[in-house]
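Colleague:
6 protein chains.
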Amino acid sequence: MTRAVVPGSFDPPTLGHFDVITRAADVFQEVLIAVVQNPSKTPLFTAEERVAMLRDVAAEWSNVEAEAFEGLLVDFARERSAAVIVKGLRAMSDFEYELQMAQMNHHLSGVHTLFLPTSPEHAYLSSSLVKDVARLGGSLDGLVSAAVAAQLKERYS
Amino acid sequence: MTRAVVPGSFDPPTLGHFDVITRAADVFQEVLIAVVQNPSKTPLFTAEERVAMLRDVAAEWSNVEAEAFEGLLVDFARERSAAVIVKGLRAMSDFEYELQMAQMNHHLSGVHTLFLPTSPEHAYLSSSLVKDVARLGGSLDGLVSAAVAAQLKERYS
Amino acid sequence: MTRAVVPGSFDPPTLGHFDVITRAADVFQEVLIAVVQNPSKTPLFTAEERVAMLRDVAAEWSNVEAEAFEGLLVDFARERSAAVIVKGLRAMSDFEYELQMAQMNHHLSGVHTLFLPTSPEHAYLSSSLVKDVARLGGSLDGLVSAAVAAQLKERYS
Amino acid sequence: MTRAVVPGSFDPPTLGHFDVITRAADVFQEVLIAVVQNPSKTPLFTAEERVAMLRDVAAEWSNVEAEAFEGLLVDFARERSAAVIVKGLRAMSDFEYELQMAQMNHHLSGVHTLFLPTSPEHAYLSSSLVKDVARLGGSLDGLVSAAVAAQLKERYS
Amino acid sequence: MTRAVVPGSFDPPTLGHFDVITRAADVFQEVLIAVVQNPSKTPLFTAEERVAMLRDVAAEWSNVEAEAFEGLLVDFARERSAAVIVKGLRAMSDFEYELQMAQMNHHLSGVHTLFLPTSPEHAYLSSSLVKDVARLGGSLDGLVSAAVAAQLKERYS
Amino acid sequence: MTRAVVPGSFDPPTLGHFDVITRAADVFQEVLIAVVQNPSKTPLFTAEERVAMLRDVAAEWSNVEAEAFEGLLVDFARERSAAVIVKGLRAMSDFEYELQMAQMNHHLSGVHTLFLPTSPEHAYLSSSLVKDVARLGGSLDGLVSAAVAAQLKERYS
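Chains as they are written, first to last, in my numbering: chain A, 6 to 162; chain B, 6 to 162; chain C, 6 to 162; chain D, 6 to 162; chain E, 6 to 162; chain F, 6 to 162.
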């Protein structure tokens, strides 16, 4: 049985993130979404809020869970007995940074990272672009779930 | 139990390919190396020779096998009940072409492709570069296994 | 009134090409699809066949025409009084080559090239990948029009 | 008649920006330079100053105007009846971000984005690099217009 | 006799930086490591501390020195009679930014920049990633020298 | 005294190649242009013709020579006591392939490769694009020297 960790900021989760989680849940026996809790950054949503948003989604699958973590991702992966890290890839600029992280994480721990391409229709989605659209009053249809859209609108109103 | 197909030309397999196979064997319960048999190309080694080279390597793991295939990769993957395709990634230029293939394969069959980064010290290895070195009489140490090196030298002598 | 030339091999035209033509027809008053007739290459379909495939599509708009050309694209553009060249862009690897061509064409003639991104769901489509799928007996649904699919199947049967 | 919006921060406008505006004015009947007014960023020059710098330049063409805007670019484009967004492209790293923006803007509004390559000799110019040079006392010849250079020197003295 | 300037922030120097310095010391008669002292940024280590770390390393070669500088790099290079700037390159994303800087520096001064690829096993190393690992308590073996590791641990304890 | 080898096909040499040679002659005490003689390719000009074209150019500097070679570049570099390989870089797609070659050459011999960016106005020039323009009857002004242009016209007439 292989447990995969899917790390990210998810501030907020987009439909692109949900797509990667769906694909990971298809491939691995257990999927653990790991929400980065970085004390030096100020996210729009707290780690608790982001975990709650992801648990709403995770409820659709029996093999997906979500949790926040602090510290090194590879330490968290080992504590949770996860064999691999899985990251969505949208574009080449993602790839180079993620490759650097993957090689650092392998150097630190021997844990492998696998990359899952997002579906093409979500390739232009990012949490920061979604926040810009929300802040400027644009429609969030097709970008995030209805539940996340409601929370974004409330936050920027 | 997840079976992963690792496709490629492997003409010949390099230490970079062996590195990807090792990583795949760590992560998935069963790994099936799928050697492309393309009637319109003239490889240096026949599909049978390439399968034999890979079986030598596969013998080190109990969960790795090698086989040649013709036709669409996704048809082969489904016939062999493989849930995912796994590809090694060395560099950004690989990535863009491989992403295109991954999205086409998902469109054709719903089968997901996962990308595994090669270890950094193998990032500059490719079968065609190795063949150039062999043809021009350079040392093959650190590029291919001793068995593959012997066959390359024989072929170019 | 601005006339735009949309050049390409279109061997065969994919749904991605149709998407770029649609977008060009939205933006420019006249669109002239220019089919490259390169005597040194052996396409699957003759220039006449490719022009016919594109005219079928062009018939949907009152402002789109298709024609074959030989020689320098910028000479053809000037003969047809086209002010700009318009190219679809799918991916970064396209971009670098196309940028080189655009700068060469501007150097030779002063004609500007504008790039139109394809819709994300067509980003993985290319004529050569479509020919591979057709040759190996895969489904062409969602890749090319029904008319083009029929001609591809006939060619590879 | 096609009106094109050319958006940007232009903090300050460089000779590369002027080159893109010139090319856009060649191709489109009307060009509207749209200066981003982002309340969460602290530019070196106010939106009014940047619009004034661009109007100096725009005065050379009868079909170019400049204006500041707040909010979503696609809302501004529709209010001004602009059919297309035109962006200069210098390099591949620009391209990936701009492609993401173009696809988001098309998703939000159906407005198309066209990319215009800058001339090669301006490919290394960016507003932030120009500000670094000015701040450190380097020569601004060949980077910005004499008028903009004067304002940069004043600002950093 | 050719003197080369190797500029950087080196906050802190990694084994990848040492690798580039070694290679530069092989190729050029004199190597001057130039530590950027940027008053608008807050580095983890002062310019003096970074110069000291690099001098420890420079002591291994008779032809390498380290110094801090303020202002334009090309002014510093000319003051020190350096004929070329040498930069390590790890990855494509580095390359595009560095190419822009190289062309700006050549425009400002006529000084050429040469790029030296880092060894593949250091391609994933960057000062900022190393600081993240140190901050989160990860092992610094294989990332920085023992002396730099000790200073990083002290800083983050 | 440092001798640098500048390898390439130079089929034919463009103004971009001359620009790189000029830059190399500025930086290194001796420059040896190494013309690849690949028996498996059919160039437009023989190795002798290409060496002659380059010697015409080399005559402008006292420290530049040109020679053809067969076999591994690193063997040639060592026979000629060259300490470094110098390559021009135009664009990111060049970079990735050249980085792979540089790392292979370092693995085979310990010889370092340095990359020299071409001037921006030559970034779109390549020998193959120049041959296309010549074959289709376009003007060669600003692409190659007058002497090379004359030979290209003769070859394609």
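Glycine residues also receive a C-beta, built at the ideal position from the N, C-alpha and C atoms.
What residues in the region 27–53 of chain E have a beta carbon less than 8 Å from any beta carbon of chain F?
Modeller: Correct list: R28, D31, V32, F33 and Q34.
Colleague: Would you mind reading off the limits of the beta strand (DSSP E) that contains D/F120?
Modeller: Residues H117 to P122.
Colleague: Where does B/G147 fall in DSSP's three states?
Modeller: Correct three-state label for B/G147: coil.
Colleague: Report the rounded CA-to-CA distance for F/V10 versus C/E70, giving the unit in angstroms.
Modeller: Their Cα atoms are separated by approximately 52 Å.
Colleague: Would you report the Cα separation of E/Q156 and E/L130, rounded to the nearest angstrom?
Modeller: Roughly 18 Å separates the two Cα atoms.
Colleague: Rounded to whole angstroms, what's the CA-CA distance from C/G81 to F/W66? Just pull it up for me.
Modeller: The displayed chain sequence assigns Phe, not Gly, to residue 81 of chain C. C/F81 and F/W66: Cα-Cα distance of roughly 42 Å.
Colleague: Give the DSSP bridge partners of A/K92, in chain order.
Modeller: A/K92 pairs with A/F120.
Colleague: For C/Q42 and C/A52, I'd like the C-alpha separation in whole angstroms.
Modeller: Rounded to whole angstroms, C/Q42 to C/A52 spans 6 Å at the Cα level.
Colleague: State the DSSP-derived secondary structure class of E/E72, mapped to helix, strand or coil.
Modeller: If DSSP states are grouped into helix, strand and coil, E/E72 belongs with the strands.
Colleague: Only counting the same chain, and skipping five residues up and downstream in sequence, which positions put a Cβ closer than 8 Å to that of D/T7?
Modeller: So the qualifying residues of the chain are F33, Q34, E35, A88 and V89.
Colleague: Return yes when the Cβ of F/L121 is within less than 8 Å of the Cβ of F/R28, no when it is not.
Modeller: Yes, these two residues count as a Cβ contact at 8 Å.
Colleague: Find the nearest neighbour of E/T19 within the set E/S162, E/G147, E/R160 and E/K158, judged by alpha-carbon distance.
Modeller: With distances taken between Cα atoms, E/T19 lies closest to E/G147.
Colleague: Along the chain, where does the beta strand (DSSP E) containing D/R55 start, and where does it finish?
Modeller: Looking at the DSSP string, D/R55 is not in any beta strand (DSSP E); the run it does join, the alpha helix (DSSP H), is A52 to A63.
Colleague: Just confirm the distance between the C-beta atoms of F/L59 and F/K136, as a whole number of angstroms; I'd bet it's less than 8 Å.
Modeller: In fact, because the Cβ distance is near 17 Å, the residues do not count as touching under 8 Å.
Colleague: Tell me the rounded alpha-carbon separation between B/S144 and B/P17.
Modeller: The alpha-carbon atoms of B/S144 and B/P17 are separated by roughly 15 Å.
Colleague: Does DSSP classify D/L37 as helix, strand or coil?
Modeller: Note: D/L37 maps to strand in three-state DSSP.
Colleague: May I ask you to report which of helix, strand or coil DSSP gives E/R28?
Modeller: Residue state, collapsed to three classes: helix.
Colleague: Compute the Euclidean distance between the alpha carbons of C/L165 and F/R140, then round it to the nearest angstrom.
Modeller: The structure shown does not extend to residue 165 of chain C, since chain C is modelled only from 6 to 162, so the question has no answer here.
Colleague: Please confirm whether B/L94 has its beta-carbon closer than 8 Å to some beta-carbon of chain C.
Modeller: Answer no: the Cβ-Cβ gap between B/L94 and chain C never drops below 8 Å.
Colleague: A/A63 and A/I38 look like a contact to me (Cβ under 8 Å); what is the Cβ gap, rounded to whole Å?
Modeller: Yes, they are in contact, since the Cβ atoms of A/A63 and A/I38 sit about 7 Å apart, within 8 Å.
Colleague: Could you please give me the residues that DSSP links to E/A9 through a beta bridge?
Modeller: E/V36 and E/V89.
Colleague: Could you have a look at B/G21 and say whether DSSP puts it in helix, strand or coil?
Modeller: Residue state, collapsed to three classes: helix.
Colleague: Note down, in chain order, all residues in the region 116–139 of chain C with a beta-carbon under 9 Å from any beta-carbon belonging to chain D.
Modeller: From the region 116–139 of chain C, only H117, T118, L119, F120, L121, P122, S124 and P125 have a Cβ closer than 9 Å to chain D.
Colleague: Taking its Cβ as the centre, do 16 or more other Cβ atoms sit within 10 Å of F/D132, making it buried, or is it exposed?
Modeller: The question names Asp, but residue 132 of chain F in the sequence shown is Ser. It is buried - the Cβ of F/S132 has at least 16 other Cβ atoms within 10 Å.
Colleague: How about A/S114 and A/V79: do their beta carbons lie closer than 8 Å?
Modeller: Yes, the pair counts as a contact, with Cβ atoms nearer than the cut-off.
Colleague: What is the DSSP secondary structure of D/F100, reduced to helix, strand or coil?
Modeller: D/F100: helix per DSSP, three-state reduction.
Colleague: Can you tell me the Cβ-Cβ gap for F/K92 and F/T118, rounded? I've got them flagged as a contact below 8 Å.
Modeller: Contact flag correct, Cβ pair sits at about 6 Å.
Colleague: Is F/S132 a contact residue of the ligand GDP, with contact defined as CB to any heavy atom under 7 Å?
Modeller: With respect to the ligand GDP, the structure offers nothing, as it holds no ligand at all.
Colleague: Under 8 Å by Cβ, that's how I've got E/V40 and E/E72 pegged, so tell me the actual separation to the nearest angstrom.
Modeller: E/V40 to E/E72, Cβ: 7 Å. Contact.
Colleague: Candidates B/H112, B/V116 and B/E159: which alpha carbon is nearest B/R83's?
Modeller: If we check each option's Cα against that of B/R83, B/V116 comes out closest.
Colleague: Could you name the residues of the same chain whose beta carbon sits closer than 8 Å to that of F/M109, not counting the 5 residues immediately before and after it, in chain order?
Modeller: There are no such residues.
Colleague: Closer than 7 Å by C-beta to C/A68: which residues in its own chain qualify, once you throw out the five before and the five after it? Chain order, please.
Modeller: Here the sequence assigns Asn to residue 68 of chain C, which means Ala is not the residue at that position. Around C/N68: A30, Q34, E35 and V36.
Colleague: Are the C-beta atoms of C/L157 and some chain B residue less than 8 Å apart?
Modeller: So no, C/L157 is outside the interface.
Colleague: Find the nearest neighbour of F/K46 within the set F/S14, F/E103, F/F100 and F/A107, judged by alpha-carbon distance.
Modeller: The candidate whose alpha carbon is nearest that of F/K46 is F/S14.
Colleague: Could you name the residues of the same chain whose beta carbon sits closer than 7 Å to that of F/F100, not counting the 5 residues immediately before and after it, in chain order?
Modeller: Contacts found: L94.
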